[in-house]
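Report on the following structure.
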C-alpha cells in the first residue's frame, strides 16, 4: 500500500506541500526507491488487515473498560452518605466538564474539518485554548458572583429538583404510601383504601416513566459514544485512546446519578445495575457501527461533527449545572448539621470543582498538542 505524501516527505526531510515545483530532481531520486518498494510490497494488505483487527480489539477493550468504570458507581453508591463522597464526586464532575469540553474543542470539532492534517493545527490549538479560557473566565465570574455578591440561589433538597433525581434517596420506597399499614387500620373505609391504592399505582407509573426515560436516554448517549470510539480507533489507536479518556471521565458521575434515579424510581440495586448494563450494551453496538463506517473516510468528519456537538453540549449545558447543584448540596449538608456556610467553605468547594475542570482541560490540550508522541510510543 502506498504511504501518504506527507509521510514520505517527513521520512526524507523534504519540505513540500505536494508534488509541485518545490520538488527538485534530487528529491525525486530519493523518493523513487521508497515508492517502488511500497508498490511492490505484497504484505501490505495483510498488514493493514492485522492493524485493523488490532485497532478493533483494543477499541473493544476500551469500551469494556468504560462500561466497567460506569458500573463502579454501583459499588460506591452505598457510601454516598459519607462526608467525603460529595467532595470527591464534585471533583469528578469538574473533571468531566474539562475533558468533555476540551475533547470537543481540541479534538472532535477540528477533526470534523480535517484541521489536524494542516500545518496550522498548532495555531488552531492555541486559539482554541483562548476560547476555553474565555469560557472559564465567564464561568468563574458567575461562581464568584454567587459567593461575594450574595446572589440568591435556591438550594434544593435534591440535586435535580425532583424526588426521582436525588442522589440522597435513602430508600426507593420511602415516597410510596404503605398499603400494608393502611390495611391494618380497622377503622379505614373501603373507599379511602381504594383511593390510596389508586394513588400508589399513579406514583408507580410516574416513577417507572422516569426510569424508562433514563434507560432510553442512556442507550442513545452510549450508542453515540461507541460510534465516536469506533471511528476514532479506525483512524489510529492513539486517537481512540484520546477519545476514551473524556468518555470515561464523564460516564462515572453520569452513571452514578442515573443509578440514583433508577433506585428512586422503585427498582432494586440489582435491577438498576441490570438496566444500566443493558443501556451500556448499546455502546458496543455503536462501536462496531462506527468501526464499519470508519473504514470509509468520507464518514469520519460527520461522525466527529456529531460527537463534537454532543460533547460540548453535555460538558457545558449538562455537567456545569450538575457541578453547581453538587456544590449546593454540600452547603445544604452543612446547614442540616447546624454549621454555618462561610465564604471560606464556598471557596473550598470552588477549589475542588476547579481542580477537576482545569485538570481535564489541561489533559485534553496536551493530548491534542503532543498526542502523536503518545501514538508513536504505544504503536507495536
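Numbering (the UniProt record's numbering), first residue to last: 1 to 380. Positions of the beta carbon are idealized from the N, C-alpha and C atoms, including for glycine.
Rounded straight-line distance, which links the Cα of residue 273 to that of residue 85: Here the question's residue 85 lines up with position 85 in the chain shown. Here the question's residue 273 lines up with position 273 in the chain shown. Taking the straight line joining both Cα atoms gives about 20 angstroms.
Check whether residue 405 and residue 278 have beta carbons under 9 angstroms apart: No answer is possible for residue 405: the residues shown for the chain start at 1 and end at 380.
Any idea if residue 249 is buried or exposed, counting beta-carbon neighbours within 10 angstroms, 16 or more meaning buried? Taking the first residue of the chain shown as 1, we reach residue 249 at position 249. With 16 or more Cβ atoms within 10 Å of its Cβ, residue 249 is classed as buried.
How would you call residue 280, buried or exposed, if buried means at least 16 neighbouring beta carbons within 10 angstroms? Taking the chain shown and counting its residues from 1, one reaches residue 280 at position 280. It is buried - the Cβ of residue 280 has at least 16 other Cβ atoms within 10 Å.
Are the beta-carbon atoms belonging to residue 114 and residue 301 less than 9 angstroms from one another? Residue numbering aside, residue 114 sits at position 114 when the chain shown is read from its first letter. Residue numbering aside, residue 301 sits at position 301 when the chain shown is read from its first letter. It is a contact, given that the beta carbons lie within the stated cut-off.
Taking one C-beta from the segment 282-289 and one from the segment 50-68 each time, how about it: are there three or more such pairs within less than 8 angstroms? yes
Please return the same chain residues whose Cβ sits closer than 6 angstroms to the Cβ of residue 103, not counting the five positions on each side in sequence. Here residue 103 refers to the residue found at position 103 when the chain shown is read from its first residue. Correct list, in chain order: 246, 311 and 364.
As an exercise, report each continuous alpha helix (DSSP H) stretch of at least 4 residues that is fully enclosed by the segment 304-367, in chain order. 320-336
Assuming residue 94 and residue 327 make a contact with CB atoms under 8 angstroms, what is their CB distance in whole Å? Here residue 94 refers to the residue found at position 94 when the chain shown is read from its first residue. Here residue 327 refers to the residue found at position 327 when the chain shown is read from its first residue. Contact flag wrong, Cβ pair sits at about 10 angstroms.
Report the CB separation of residue 128 from residue 105 in whole angstroms; it is logged as a contact under 8 angstroms. Here residue 128 corresponds to residue number 128 of the chain shown, with the count starting at 1. Here residue 105 corresponds to residue number 105 of the chain shown, with the count starting at 1. That pair is a contact at about 5 angstroms.
Mind pulling the alpha helix (DSSP H) runs of 4 or more residues that sit fully within the segment 222-281? 237-264
Simplified DSSP assignment, three categories, for residue 80: Your numbering for residue 80 matches position 80 in the chain shown. Three-state result, residue 80: coil.
Can you give me the C-alpha to C-alpha distance between residue 71 and residue 236, rounded to a whole angstrom? Position 71 of the chain shown, counted from the first residue, corresponds to residue 71. Position 236 of the chain shown, counted from the first residue, corresponds to residue 236. Rounded to whole angstroms, residue 71 to residue 236 spans 27 angstroms at the Cα level.
Per-residue burial, residue 165 [other beta carbons within 10 Å of its own, 16 or more giving buried]: As a working mapping, residue 165 is identified with position 165 in the chain shown. Low local confidence applies: a pLDDT of 38 at residue 165 is under 50, so the model's placement there is unreliable, with the coordinate-based value given in what follows. Counting Cβ neighbours within 10 Å, residue 165 comes out buried, since at least 16 surround it.
Need the endpoints of the alpha helix (DSSP H) that residue 131 sits in, please. Residue mapping note: residue 131 aligns to position 131 of the chain shown, counting from 1. Per DSSP, residue 131 belongs to the alpha helix (DSSP H) from 121-148.
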